[in-house]
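For reference, the structure discussed in these notes is given below.
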């Protein structure tokens, strides 16, 4: 089957859109890892939780933007509570313990979602309807809006980190948690806040993704896996790297889906991960390690 | 943990004999449902035990066991579907060879990496195999899996007797017991000591002069073989193979058995499997979403009781 | 003001401090000397809550601070300048200072005054204020580490080997800064290998060996009769 130039361009756009949503998820994950060495196995499930909370909010209020806000806030608070109860006691322990603990949390969240929202998928209505002509397709405006929104949120995060006292606190704690504490920075609270921010971003992705793919219990594992791949390929703890890697991986998958089914296209990301781990374990988008 | 046992020996072997006796008696005293359940516990216990080699003894958390288990399962299925009459021995051979090859493949790539990266890589590999099995419908039956007949218990060439649930149970008890004794021997051998030394302090082990990567590869392969064996047993017991078992969450459940029972004890994971499965059976009658409290218990155990039940008991008894 | 009493501390399983007792009065400069590895840095760390004292007490202004989490100590008025400086390499000089400057209780005017004062003491830092900390030379980083501690307007600074690896010109700059701090009434607990410097600036000296304090004397006495110095430090 020959692949037309137009198809490639369409897939490029798809890849960018998916890439930005994934970037929103991955940046939270990499931020959390960078500052507290926690590999949050439950991160994708926070995406799912956000999607469901958003879906319920939208069902009662009919307002997508309100749903986005409520989901982000609710999951942020939940994330903070989670970090305080489950992750703080584990600080300083073997990193594998946090993998196990967050795995347990992931399990609980998935079953809880099944319990509260049932097994069928929830759909969210697009807030922006209408399509425009993209070559041979009628391309939904919403997809473009999603990419723009996600970029805006990541941009806001970037600004927050680069300016302002709290940004300095977060960056200092990430670089040297002990010296930061010695300077009076309340490190435990910084950890909690960063986790909450990561959770909020994950929840926002879930809501944004809602109209595109529906919200299901299993989407969590999907996102977690993809986010891990992106974070490793982008360089763990490297925010810019994870954004670039998200786009890179999503583009790869989009192009691959021109040739194989989407279920199989995901192998491309797996291969990218393995190659990265073998040849450039610190990350593809990170300057060459010394 | 392991090593010269000293005062543990006698009471230990007595305990072993008692438990063994109970397990053998199971088909005679338990109603059919629970007897079948006991068999299943043993199979999952074997899988968990294989995982313990990595988690408990070498200090590597693997999420790839679902792949080894699944390949063992599908390997057995392949033997039972393609060769007539279905042969038990061949099923075991196919399953072990398949699992061994996959383990070697995964080991080669993942053992170069440490800690989290190792875990993520094994998870990714497990997913790769899941996707392959799920989508290669012509060979693996895709989503629906494969069904086949049970082979006879017997050696190729010599006759065989049919498996009854009871005979199957005893067969499984024998296989699991032998596996346990074999693994126990291995973990107490010089090889096992090196593995533990890797868990305790990898840089130092390397500095002393051990080829750490090679030991890790052997550990993964050993673990994979026994996991594959569990898969073969499962296939034989249930007469079907399905991709669900290859999904990485199954690996996660295995890790739960390990942690709950006690890592690094070999027996602990079997206890953990038993505990978990019984809990599941019991709770699921009352509360469909039993995994919520179980998951919470697991998470709390990781935080407060990281040595698991057996580790906790051992501490108490030592005092 | 700051007192350690029979402090035992471990680093992992190694028993480093075997019962350290010492005191620093308000505004005093006190020196802590000893060979490498006797536990001088660990002593400072045990004050900072970084090497959990297994036994013994640390009190500050009458208050028991043993094992208190490090981020509480800045507010109490204790600042730490560690042995390896620990500059936030990816933050600019100004951002490094702001980790101490941006705290509650200071309005913008006071902040600016404090910043100007420190820039006055370290004009080099004002020049380099938008440069990443990691690009500074060793001596400049040491200045930054001390300036950063001064941002906390502390009552006592725990100074760990500030002159290590510095050129003589910088060493005398450090000496001047210690003098300035002392004039402002800031107490200093100075851990050092540089004996002449320590003798010159300190009022009292403790000498440590193998995890305990072996000798304690006014600096004046040790300047005139350095026998103890020779005995414990071999210099």
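Chains as they are written, first to last, in my numbering: chain A, 1344 to 1633; chain B, 101 to 419; chain C, 259 to 493. The beta carbon of each residue, even a glycine, is placed where N, CA and C say it ideally should be. Quick caveat, the model's predicted, so the values are computed rather than measured.
If you check the CB distance, residue 402 (chain C) and residue 449 (chain C) do not come in under 8 Å. Note that the C-beta distance between residue 1418 (chain A) and residue 1562 (chain A) is not below 8 Å. For the stretch 1527–1543 of chain A, the set of positions with a beta-carbon nearer than 7 Å to some beta-carbon of chain C reads 1527, 1528, 1529, 1530 in chain order. Proximity to residue 1383 (chain A) across A:1614, A:1594, A:1617, A:1574 peaks at A:1574, based on C-alpha coordinates. The three-state reading of DSSP puts residue 329 (chain C) in helix, counting H, G and I together. Annotated as distal: residue 295 (chain B) and residue 252 (chain B), with beta-carbon spacing of 8 Å or more.
Using a Cβ distance threshold of 8 Å, residue 486 (chain C) and residue 298 (chain C) do not count as a contacting pair. The beta carbon of residue 318 (chain C) sits no closer than 8 Å to any beta carbon of chain A.
In this structure, DSSP gives residue 473 (chain C) an extended state, which the three-state scheme calls strand. At a cut-off of 8 Å, the C-beta of residue 1458 (chain A) has a neighbouring C-beta in chain B. For residue 388 (chain B), there is no enclosing beta strand (DSSP E), as DSSP marks it with neither H nor E. In the three-state scheme derived from DSSP, where H, G and I count as helix and E and B as strand, residue 272 (chain C) is classed as strand.
Note: residue 252 (chain B) is bridge-paired with B:187 in the DSSP secondary-structure output. Boundaries cannot be given for residue 1627 (chain A), as no beta strand (DSSP E) includes it and DSSP labels it neither H nor E. Between residue 381 (chain C) and residue 404 (chain C), the C-beta gap is not smaller than 8 Å, which leaves the two residues out of contact. Taking 8 Å as the CB threshold, residue 357 (chain C) lines the interface with chain A.
Taking 8 Å as the CB threshold, residue 1405 (chain A) stays off the interface with chain B. In terms of beta-carbon proximity, residue 1605 (chain A) stays away from the interface with chain B, with every pair separated by 8 Å or more.
Straight across, the Cα-Cα distance linking residue 352 (chain C) with residue 388 (chain C) is about 6 Å. Secondary structure of residue 396 (chain C) (DSSP, three-state): helix.
Every alpha helix (DSSP H) of 4 residues or more that sits fully in the stretch 312–368 of chain C is shown, in chain order, as 328–334, 351–359.
Nearest Cα to residue 1485 (chain A) within the set A:1551, A:1365, A:1447, A:1395: A:1551. Of all residues in the stretch 201–215 of chain B, only 209, 210, 212, 213, 215 come within less than 9 Å of chain A when Cβ atoms are compared, listed by chain position. Secondary structure note for residue 1416 (chain A): its alpha helix (DSSP H) is the uninterrupted segment 1407–1425.
Going by beta carbons, residue 172 (chain B) and residue 195 (chain B) fall inside the 8 Å limit. If the five residues before and after residue 347 (chain B) are omitted, its C-beta is found closer than 7 Å to the C-beta atoms of 166, 230, all from its own chain and listed in chain order. Chain B has no Cβ within less than 8 Å of the Cβ of residue 1589 (chain A). Taken in chain order, the members of the stretch 299–316 of chain C whose beta-carbon sits within less than 7 Å of a beta-carbon on chain A are 306, 308.
For residue 1502 (chain A), the number of other beta carbons within 10 angstroms of its own is below 16, and it is reported as exposed.
Along the stretch 359–373 of chain B, the positions whose C-beta sits under 9 Å from a C-beta of chain A are 359, read in chain order. Put simply, of A:1598, A:1355, A:1529, A:1587 the residue whose alpha carbon is nearest the alpha carbon of residue 329 (chain C) is A:1529. Using beta-carbon distances, residue 380 (chain C) does not count as an interface residue toward chain A, since no partner is under 8 Å. The beta-carbon of residue 360 (chain C) is placed less than 8 Å from the nearest beta-carbon of chain A.
Boundaries of the beta strand (DSSP E) harbouring residue 415 (chain C): 414–418, taken from the DSSP string. With the criterion set as a beta carbon lying under 7 Å from some beta carbon of chain C, the members of the stretch 1503–1517 of chain A are 1508, 1511, 1514, 1515, in sequence order. Under DSSP, residue 463 (chain C) shares a beta bridge with C:289, C:475.
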